[in-house]
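Working notes for the structure below.
There are 2 protein chains.
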Amino acid sequence: MDSNERQGTWLWYPEDYEIWLHAKVSVLRQFRGYICPPPWRLDSAYDNVKFRKTFDLAAPGKLTLSVQGMFVLHFDSSMIPTPYERTPVTTVEIPAGKHELMVTVYNDKAVPAIYPSGCGNENGWEVTSHNGTWVKAASWQFNEIDEPPGDFPFSYETVEPDSVKEQGEGTLVDFGRETFGYVILLGVIGKGTIRLYYGESSEEALAGELAETFDELVVDSAVPTDYVTPVTRAFRYIQLKLDPGITYAGIRHEYEYLPMERRGAFRSSDERLNRIWDLSAHTLHMNMREFLFDGMKRDRWVWGGDAHLGTQINNYVFFEQDVTKRTLVALRGKDPVERHINTIMDFTFHWFLSFREYYLNTGDLAFIERSYPKMLTLMEFCLGRRNEAGMMEGFPNDWVFIDWAPMDLRGEVSTEQIFLCRSLETMELFAEKLGDDGNKERFGKLARELKDLIFKLFWDEGQGGFIHSRWQSELNRQILKYPNIFATRFGYLDEKQLDSVKQNVMLNDSVQKIKTPFMRFFELDALCRLGERSHVLDEIRSYWGGMIDLGATAFWEEYEPSVPPQEQYDMYGDKFRKSLCHAWGAAPILLLGKYVLGVEPLAPGYAEYRVEPDLCGLDWIEGKVPTPDGEIEVYMDRNRVSVKTCGFGVGVLRIASRSMPSANDGKFVQIGEGLYELRLTRPGHLYEVELAAATVEVK
Amino acid sequence: MDSNERQGTWLWYPEDYEIWLHAKVSVLRQFRGYICPPPWRLDSAYDNVKFRKTFDLAAPGKLTLSVQGMFVLHFDSSMIPTPYERTPVTTVEIPAGKHELMVTVYNDKAVPAIYPSGCGNENGWEVTSHNGTWVKAASWQFNEIDEPPGDFPFSYETVEPDSVKEQGEGTLVDFGRETFGYVILLGVIGKGTIRLYYGESSEEALAGELAETFDELVVDSAVPTDYVTPVTRAFRYIQLKLDPGITYAGIRHEYEYLPMERRGAFRSSDERLNRIWDLSAHTLHMNMREFLFDGMKRDRWVWGGDAHLGTQINNYVFFEQDVTKRTLVALRGKDPVERHINTIMDFTFHWFLSFREYYLNTGDLAFIERSYPKMLTLMEFCLGRRNEAGMMEGFPNDWVFIDWAPMDLRGEVSTEQIFLCRSLETMELFAEKLGDDGNKERFGKLARELKDLIFKLFWDEGQGGFIHSRWQSELNRQILKYPNIFATRFGYLDEKQLDSVKQNVMLNDSVQKIKTPFMRFFELDALCRLGERSHVLDEIRSYWGGMIDLGATAFWEEYEPSVPPQEQYDMYGDKFRKSLCHAWGAAPILLLGKYVLGVEPLAPGYAEYRVEPDLCGLDWIEGKVPTPDGEIEVYMDRNRVSVKTCGFGVGVLRIASRSMPSANDGKFVQIGEGLYELRLTRPGHLYEVELAAATVEVK
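Going down the list, the sequences are from chains A and B. Sequential numbering of the first sequence, starting at 1, is according to full-length UniProt numbering. Sequential numbering of the second sequence, starting at 1, is according to full-length UniProt numbering.
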């Protein structure tokens, strides 16, 4: 049999695998030996589902079927006698002509699923959760009949330590950089306990019981035996402590990961920037697994805000959209909506905005359509929580987050209203794309009314920016960067307001600093949009470079340069609680790709895009940005720019230059003071531009 | 230690045990060896919950705790190191003063639960499903620390067969009446298979593979060994078929049941009626288990209509309210509401009406309050499905049932609107009792408007009753009993209309007959309300007596006297599919208790009640009707009536008599033509009335 011939695939109720898997991984978090289930509802798959397919065969055929769960078959509404426990293969003879097969499956332990093979395989199968409608059955990469949807299919690689040395009463093992997986102790002889204290820093590993995670291996072997730790951990360092009399021959690490290609790239004449990009890619890769997690050491949870940023970074390096989709499905869970995403009001809005980014980058309207009903119910939940003024305040037990920096989060916080407004605009956009005219009208109107109110209440002409909040009818006139960042990013400000925000807020040193790399991304992104690319590059060098100077091999959950080095790993009032490999720390990839290589989609799925490379004082830059159809490759130095277009869409190359001749061959068009544009109409071609002459060669 | 001292009890999130258990039992149904999961969503317990309690001890105390699931403890917000797998007993020292203990529990296999003992035991514990609110933790009879909520705690009794005889190629075992449980084959010797074919009738058992259920025991024993069947079955007969060479010493049956006392009773001078009452009580008992099931042989499912009638019958014999509550919780499941109860529109309404009956009989407002949020969401679901006229039609894939008799169920069926109207009135009542004024107004207004519309559209003055339906703007003027029955029962008709319905519909032989004992109850109940008690008694004798004449030891799912005896066990187009022990078959208990003994609550929990015994031509009647506080005992013959009042409330004894002196001692008050009333003001007393003299003695 041709090994390329597709045999079949496992099918299930849409979203059930993601939701089931999310619950399983959400309870893996441990803290010093104890479990930490998340403080939100964990949904599961539907236990009781029914699959159906109508066959219309010209000649009789044979369907083989495997089922995960108890099941019963009905053929043209009559039961087919079959054993109801899972069998490797059940065979059903399908006569010619039109016939319907139904498979009722019950499973309260794993995802109810079927594997049909033959007679069209997975095509045409529908499934119901008994809610009165049938939907297309879902599948993913579970193509082996004996590997039904369950444990996530990771890849593994055995890794040797960089160094192993005795230190104090134990042994310190260093794997050279942040990693994740199991630990193998080779050739163990003796009886007793081996203790492994994990550390993202050597300080944490050496702190023993104060480390966030540790394991104990109870060993008892007279001949050399290998022992493997029972669960996966994140670490760079391990402190080993062995009971007297125990010996071992070596230590290895089984690295567990999602195989992904770095389709994006960035190199420049500044090695520090290059290193920042590399560590960012590693940081993100560590956190992209079943879902996009916040950080691997501590939470291993899926958070709406982290996902909003992380999935955008992903678009500039791996462009791995299955993780994004799983993440957005997992965050939302099932109906009814009882709380905000992760209980955090702004994370609900980040969830909506993630879909906007997803759609812009991929053009995948099918996923938007599938998710739209759940967007609607979540938006209704939000609208039901507006106060009399039409704005959203945190309800008791709601978490209003924004950033870890101190601020008064009571009442009507302007940033939250700006988020709500953008979420409404996003719903308006999707309603339009999906032909839901009534909701397009409704959400559009609500967004416009809210925007008017935001400006009326919170725009402070005197201070030149948005003020923070209103609480109990009293305005809190504090100027913080957050509302100004997002109003800038969402295009809510006119030229004059943009300039005012830039001078009076964004570049104003007296305004309170942002505390997380998460919110720092949005700040720097806004600054780029305000024309401060070189300034942003300096910030990347000093802020992310500052972590490297402190020994980072991945980027952190929080970084405040003024904190003394010995306290840099502390957070939440505890030693070593800080995550040193946090997805949102990878933001430089996004900033460098979007504003230095300068690549950005303008229409869904890169149907239109802009390439606006900017040396920002560097000698040269080069890199790649992934798109749904190949990569856009960019090179620039002081003399020339080259762009290789991706396989689809129409781009525009924009060059800022004071010395460029005025588009003498008619290809470059001057669109403003020292600003030139060239249309990149040919997919998959290399455009080479000599800046001095403004000549363009297309290969 | 004093064995009466309460040690503690298992606690969980309210309704989680019922919902978890319901899913488990719903998939036990089998048909000829294959599973039959129900065609509706099966919910489960919340996997991830958190318990809390605030202690305020005068002196330090010790709390012992067992947990079903993984768990972590926090004391005054700090984690207490404890192993997170379930331990028999974890001990927590609680200091004096105010302190909070939190227990986070995760369990995706069983109901997350805790067993606190000491420091106030289960009192004061709250729990959250992470929906933003805390509620009082629920408990039931799981009081042993090593018996957490799981398998339902049944009772068992070993039963000998009535007869065992060779018949054809096998052996026919008769247990004398319908029963349920396991079968034990004693002293088996030999190797091979023993086949057990179960039958509610001997015909079914003898039909072998055509029986609804059968089991195979694979045996292999050289010495006498007992074998037990793997699952519970319902049967009266078993046909045994043994492979050659297999012998056995005897057969027994392990009867599995919920222990309940027959608090109600009925005896009369008519032995046929007495037998009907007995078989009714047995029929109901067989179906009252974890929940109130429809029938034990086939479905073993919980149905809203069956529950509405079955729980009312229960009120006149067992008064076992835990089963009723579990049943109503299981039927509703969790939010969101996506379909009608059991997918049947009228069963949604039966669910509302069950609460009304429950409240009237028990006065238990606490259960109403706990269930009220789910009543609201279900009612919103209904209101969201009204058409432009404000009426409910079956949506595609909705099941509109009413009765198994043939009728056109398309469009606006008048019976369904009458059900909706009564459901709205029920919500109005509960909203009033719970102080939800806005909803009281709203539901009341909707009910009044709908009632007006029902009369305007469907009341046919010419035919003297309600017509059937409207479909595509065309009225279907067929007269069926259903709308007229329920309008009568709900008190929607004036005297003239009642008389018209009685003559033109209810006693009109040309009107199509009702097909199920289910709907026959409502018919006969309405006839009693229309003054036709003696006629109803005749109907009970002939209809239910007719099943006894055919050999019934329990009452059936459906009975049509005109069907030939050899086809009486067929249903749904198949041999022996009919359930011969169906809860709704037990309705005579309710009719005899309510209209012959004549006992009925008038105010919630029997705060007020009526006793209106009626000989209906019998020489004497006697019996008991259970109430929340003892039984009301009634005796009547042609000369005297005696009533022993229950322990609570005020009754009224109503006597119809043509010969009674006009209340000469001032105790009986004449309230109409030949109708006298005596107030029974003393709880727990015996009132003896000599009818000829109208004297009353109170003991």
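By construction, the Cβ of each residue, glycine as well, lies at the ideal position given by its N, Cα and C atoms.
| Check | Outcome |
| --- | --- |
| According to DSSP, which residues form a beta bridge with Leu644(A)? | Reading off the sequence shown, one finds Lys at residue 644(A), where the question assumed Leu. For Lys644(A), which the question treats as bridged, DSSP gives the partners Glu633(A), Leu686(A). |
| I want to see whether chain A comes within less than 8 Å of Gly132(B), judged by CB atoms only; does it? | yes |
| I'd like to know if Ala113(B) contacts chain A, where contact means its C-beta is closer than 8 Å to some C-beta of that chain. | no |
| Return the chain-ordered list of same chain residues with a C-beta closer than 7 Å to the C-beta of Arg410(A), the five sequence neighbours on each side being excluded. | Trp471 |
| Which residues of chain B have a Cβ atom closer than 7 Å to the Cβ of Pro336(A), listed in chain order? | Asp335, Pro336 |
| Nearest chain A C-beta to Leu680(B) closer than 8 Å, yes or no? | no |
| What does DSSP give as the partner residues of Ser155(B) in its beta bridges? | Tyr257(B) |
| Any idea if Asn4(B) is buried or exposed, counting beta-carbon neighbours within 10 angstroms, 16 or more meaning buried? | Model confidence at Asn4(B) stands at a pLDDT of 41, short of 50, so the residue's coordinates are unreliable and nothing is read from them. |
| Kindly indicate if chain A contains any beta-carbon less than 8 Å away from that of Ile35(B). | yes |
| Using a Cβ cut-off of 7 Å, pull out every chain A residue sitting near His330(B), in sequence order please. | Checking the sequence shown, residue 330(B) turns out to be Ala, not His. None at all; the shortest Cβ gap to chain A is about 14 Å. |
| Mind pulling the chain A residues with CB within less than 7 Å of Ser129(B)? | Arg41 |
| Of all the CB atoms in chain B, is at least one closer than 8 Å to the CB of Glu5(A)? | Because the pLDDT at Glu5(A) is just 48, under 50, the model does not fix this residue reliably, and the value given afterwards should be weighed accordingly. Glu5(A) does not count as touching chain B. |
| Please list, in chain order, the residues of the stretch 397-415 of chain A that have any C-beta partner in chain B closer than 7 Å. | Asn397 |
| Using a Cβ-Cβ distance under 8 Å, would Tyr46(B) count as near chain A? | yes |
| What does Asp494(A) touch in chain B if you count any residue whose Cβ is under 9 Å from its own? | Near Asp494(A) there are no residues of chain B at all, since even the closest Cβ is about 40 Å away, more than 9 Å. |
| Along chain B, which residues have their Cβ under 9 Å away from the Cβ of Thr104(A)? | Ile35, Cys36, Pro37, Pro39 |
| Could you tell me which residues DSSP puts in a beta bridge with Phe266(B)? | Gly623(B) |
| Using beta carbons (cut-off 8 Å, strictly below), is Asp108(A) in contact with chain B? | yes |
| Check whether the Cβ of Ala366(A) lies closer than 8 Å to any Cβ atom in chain B. | no |
| Counting only the same chain and skipping the five closest in sequence on each side, list residues whose C-beta sits under 7 Å from that of Trp20(B). | Ser44, Ala45, Val111 |
| Where Ile251(B) and Thr627(B) are concerned, what is the direct C-alpha to C-alpha distance, given to the nearest angstrom? | 41 Å |
| Can you list the residues of chain A that Ala23(B) reaches, using a CB-CB cut of under 7 Å? | Asp47, Asp108 |
| Are the CB atoms of Gly295(B) and Cys581(B) within a distance shorter than 8 Å? | yes |
| Taking C-beta pairs closer than 8 Å, name the residues in chain B that Arg339(A) reaches, listed in chain order. | His130, Asn131, Gly132 |
| Check the Cβ-Cβ distances between Met70(A) and every residue of chain B, and say whether any is below 8 Å. | yes |
| Hey, would you say residue 710(B) sits closer than 8 Å to Ala249(B), going by beta carbons? | Past the edges of chain B, shown from 1 to 699, lies residue 710(B), and the structure says nothing about it. |
| Hey, does Val231(A) have any beta-carbon neighbour from chain B nearer than 8 Å? | no |
| Might you give, ordered along the chain, the residues of its own chain that have their beta carbon closer than 7 Å to the beta carbon of Glu539(B), omitting 5 neighbours on each side? | Leu524 |
| Answer with yes or no whether the minimum CB distance from Met636(B) to chain A is below 8 Å. | no |
| How would you label Met1(B), buried or exposed, when you count the other beta carbons within 10 angstroms and need 16 or more for buried? | Note on Met1(B): pLDDT 35, under 50, position unreliable in the model; no value is reported. |
| Could I get the ranges of all uninterrupted beta strand (DSSP E) runs contained in the stretch 40-113 of chain B, with 3 residues as the minimum, in chain order? | 48-57, 61-68, 70-75, 78-80, 90-94, 97-106 |
| Consider the Cβ of Met79(B): report whether some Cβ of chain A lies at a distance smaller than 8 Å. | yes |
| Please return the same chain residues whose Cβ sits closer than 8 Å to the Cβ of Lys515(B), not counting the five positions on each side in sequence. | Asp403, Trp404, Ala405, Glu558, Glu560 |
| Would DSSP call Glu178(B) helix, strand or coil? | strand |
| Would the beta-carbon of Tyr197(B) be found less than 7 Å away from any heavy atom of the ligand SAM? | The model on display carries no ligand, and the ligand SAM is accordingly not part of it. |
| Roughly how many angstroms separate the alpha carbons of Asn639(A) and Val317(A), rounded to a whole number? | 27 Å |
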